[in-house]
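Just remember that our numbering sits 1 ahead of the position in the sequence shown, which is counted from 1.
Cβ atoms here follow ideal geometry from the backbone N, Cα and C, with glycine treated the same way.
Since we're looking at a predicted model, the values are computed, not measured.
Everything below concerns the one structure shown next.
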Amino acid sequence: FLLKARTSTTVPQQPHAFAPLAAGLPIVMAASAAFAPSLSDDALPSEWDDFGAVSGLAGAGLADSAPELLGWVLLPVLLMLAAWLAIPYLDWRSASSKPLEAHVARTSFQSAPGELVPPAWKAPELTLSVIVPAYNEEYRLPQMLDEAFSYLEGRAAASPGRFSYEVIVVDDGSSDATYTAALGSLHRQTAASGGRTTADATGLRQPSGGELRVLRLTANRGKGFAVKVGMMVARGQFLLMADADGATSIRDLERLERALGAQQGGSASQIAFGSRHHLKEEAMAQRAWHRNFLMNAFHVFAWFWVGGSVSDTQCGFKLFRAEVGKQIFASLHIYRWAFDIEVVVLSRLFGWHIAEVPVTWVEMPGSKLNLITGSLTMLRDIVLGKVLYATA
Numbered sequence: 002f003l004l005k006a007r008t009s010t011t012v013p014q015q016p017h018a019f020a021p022l023a024a025g026l027p028i029v030m031a032a033s034a035a036f037a038p039s040l041s042d043d044a045l046p047s048e049w050d051d052f053g054a055v056s057g058l059a060g061a062g063l064a065d066s067a068p069e070l071l072g073w074v075l076l077p078v079l080l081m082l083a084a085w086l087a088i089p090y091l092d093w094r095s096a097s098s099k100p101l102e103a104h105v106a107r108t109s110f111q112s113a114p115g116e117l118v119p120p121a122w123k124a125p126e127l128t129l130s131v132i133v134p135a136y137n138e139e140y141r142l143p144q145m146l147d148e149a150f151s152y153l154e155g156r157a158a159a160s161p162g163r164f165s166y167e168v169i170v171v172d173d174g175s176s177d178a179t180y181t182a183a184l185g186s187l188h189r190q191t192a193a194s195g196g197r198t199t200a201d202a203t204g205l206r207q208p209s210g211g212e213l214r215v216l217r218l219t220a221n222r223g224k225g226f227a228v229k230v231g232m233m234v235a236r237g238q239f240l241l242m243a244d245a246d247g248a249t250s251i252r253d254l255e256r257l258e259r260a261l262g263a264q265q266g267g268s269a270s271q272i273a274f275g276s277r278h279h280l281k282e283e284a285m286a287q288r289a290w291h292r293n294f295l296m297n298a299f300h301v302f303a304w305f306w307v308g309g310s311v312s313d314t315q316c317g318f319k320l321f322r323a324e325v326g327k328q329i330f331a332s333l334h335i336y337r338w339a340f341d342i343e344v345v346v347l348s349r350l351f352g353w354h355i356a357e358v359p360v361t362w363v364e365m366p367g368s369k370l371n372l373i374t375g376s377l378t379m380l381r382d383i384v385l386g387k388v389l390y391a392t393a
């Protein structure tokens with residue numbers, strides 16, 4: 002495959018981490034073919050010409066055919082392995098081959114063609130953008146949004162003209178009513194505010210101090226891609242990534258804000274990661290042994306890629322300065338569960354400092370992460386990411 006440089010209208014073009022994978026795929030395919038015999042008729046035992054003579058393969062005949070049979074077994078296995086390893090590259094290639102707007106099927110707000118993503122030169126319009134990736138979250142999302150609006154409206158009322166916000170829900174191709182559930186929070190907010198709302202261009206009643214914007218993607222591409230879309234669409238000076246389950250209280254935002262304003266080691270932080278590391282012992286005591294085993298294995302592989310600079314890469318509560326978040330997510334390659342680790346890698350490459358901040362956290366039921374497939378996918382993405390960034 003030949004990768005061509007693509008010019009971004011939002012951030013300067015960065016080297017693609019998947020370039021080595023694209024160049025290496027033909028080599029992998031050729032190597033796997035070497036384990037199999039030629040696909041010509043000569044490769045098949047002559048006894049197979051007659052189905053009734055298959056029994057003649059017994060004894061010495063079977064032993065003579067063993068290398069060929071082994072080759073025929075290994076070929077599909079190696080091809081399937083190569084295809085599975087190439088999934089992150091194919092996902093990234095498919096997504097990056099089209100503009101961001103092409104992946105959005107529906108929005109709750111109006112935007113002119115080509116204006117969904119604000120240009121890089123445009124100054125932030127709001128104080129804060131809260132990005133909420135959601136996949137099949139029709140039951141957990143409403144409570145999280147209600148708590149977020151209650152807190153954010155309180156801050157807006159306490160600081161009129163100085164604090165404004167938007168909540169961006171990115172429906173990652175859900176098969177349930179996640180999109181409708183997100184919009185339903187506006188009706189509850191209207192009732193809770195006693196009618197103190199404003200109407201947007203589409204006629205929706207919005208909170209007086211902020212705005213809810215909901216986007217539905219054309220297909221499920223992973224949490225990392227959903228966060229990327231939200232980050233690129235956001236108009237805030239600060240960009241907060243928050244999980245739809247509400248496991249971390251929205252009020253912990255203030256802890257992350259203080260971390261961005263503090264000087265650490267002579268330099269200010271541009272990114273603040275919420276961390277559950279201080280709750281590790283308590284969480285391990287409550288979890289089943291197999292979940293603890295998988296968690297510890299994941300931390301080992303995460304350390305293999307990024308070292309021990311960040312204790313908790315996976316907490317879904319992260320705050321970015323706008324220019325930093327947009328630069329990092331515009332360069333993101335991994336769109337599934339391990340995307341947080343690539344965020345750490347990219348922050349290092351761009352020279353941004355990460356502050357790790359303890360936050361409150363409650364394990365919520367209804368997780369969409371399958372322990373087996375999720376663990377295998379994370380392992381693949383971490384190993385590939387380490388290799389590709391080391392060689393890119």
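Cβ-Cβ separation between residue 278 and residue 312: approximately 4 Å, consistent with a contact (criterion under 8 Å). It is roughly 11 Å from the alpha-carbon of residue 332 to the alpha-carbon of residue 351.
Rounded to whole angstroms, the gap between the alpha carbons of residue 257 and residue 273 is 6 Å. Annotation: residue 357 is outside any alpha helix (DSSP H); the continuous beta strand (DSSP E) that includes it extends over 355-359. As the crow flies, the alpha-carbon of residue 134 is around 6 Å from that of residue 170.
Counting along the chain, the unbroken beta strand (DSSP E) around residue 172 starts and ends at 166-172. Put simply, the segment 373-387 touches the segment 329-345. At least three CB pairs are less than 8 Å apart. Counted as a single uninterrupted DSSP element, the stretch harbouring residue 223 is not any beta strand (DSSP E), since DSSP gives it neither H nor E.
Here residue 138 is buried. Its C-beta has 16 or more other C-beta atoms within 10 Å.
Contact between residue 244 and residue 317 holds: CB atoms are separated by about 3 Å, below the 8 Å threshold. For the pair residue 95 and residue 161, the Cα-to-Cα distance works out to about 44 Å. A direct Cα-Cα distance of roughly 17 Å separates residue 328 from residue 93.
Less than 8 Å separates the beta-carbon of residue 136 from that of residue 175.
For residue 380, there is no enclosing beta strand (DSSP E); the residue is found in the alpha helix (DSSP H) stretching over 372-392. A check of alpha carbon separations from residue 253 across 361, 122, 83 identifies 361 as the nearest.
Per DSSP, the beta bridge partners of residue 135 are 172. By alpha-carbon distance to residue 103, the top candidate from 86, 217, 260, 338 is 217.
Under the three-state reduction of DSSP, residue 212 is assigned to strand. Residue 241 is bridged by DSSP to 131, 320. In the structure shown, residue 231 falls within a helical segment according to DSSP collapsed to helix, strand and coil. Judged by DSSP in its simplified three-state form, residue 335 adopts coil rather than helix or strand.
With contacts defined by Cβ atoms closer than 8 Å, residue 211 and residue 167 form a contacting pair. Under the Cβ criterion (8 Å, minimum of three pairs), the segment 123-132 counts as touching the segment 221-236. A direct Cα-Cα distance of roughly 21 Å separates residue 269 from residue 341. In the three-state reduction of the DSSP assignment, residue 247 falls in the coil class, being assigned neither a helical nor a strand state. In chain order, 217, 219 place their CB closer than 6 Å to the CB of residue 106, counting only its own chain and leaving out the 5 sequence neighbours on each side. Under the DSSP assignment, residue 155 falls outside any beta strand (DSSP E), being part of the alpha helix (DSSP H) whose first and last residues are 142-159. Put simply, the backbone Cα of residue 324 is about 10 Å away from that of residue 124. Taking 8 Å as the cut-off, the beta carbon of residue 355 is found no closer than this to the beta carbon of residue 363. Taking a contact as a CB-CB distance under 8 Å, the pair residue 109 and residue 228 does not count as one, their CB atoms being some 18 Å apart. Per DSSP, residue 273 lies in no alpha helix (DSSP H) segment; the continuous beta strand (DSSP E) that holds it begins and ends at 272-276. The beta carbon of residue 152 sits closer than 7 Å to those of 251, 252, all from its chain and outside the five residues before and after it, given in chain order. Out of 85, 347, 365, 326, the CA that lies nearest to the CA of residue 307 is found in 347. Annotation: the continuous beta strand (DSSP E) that includes residue 106 extends over 105-108.
Leaving aside the five residues that flank residue 326 on each side, the residues in its chain whose CB is nearer than 6 Å to its CB run, in chain order, 232, 240.
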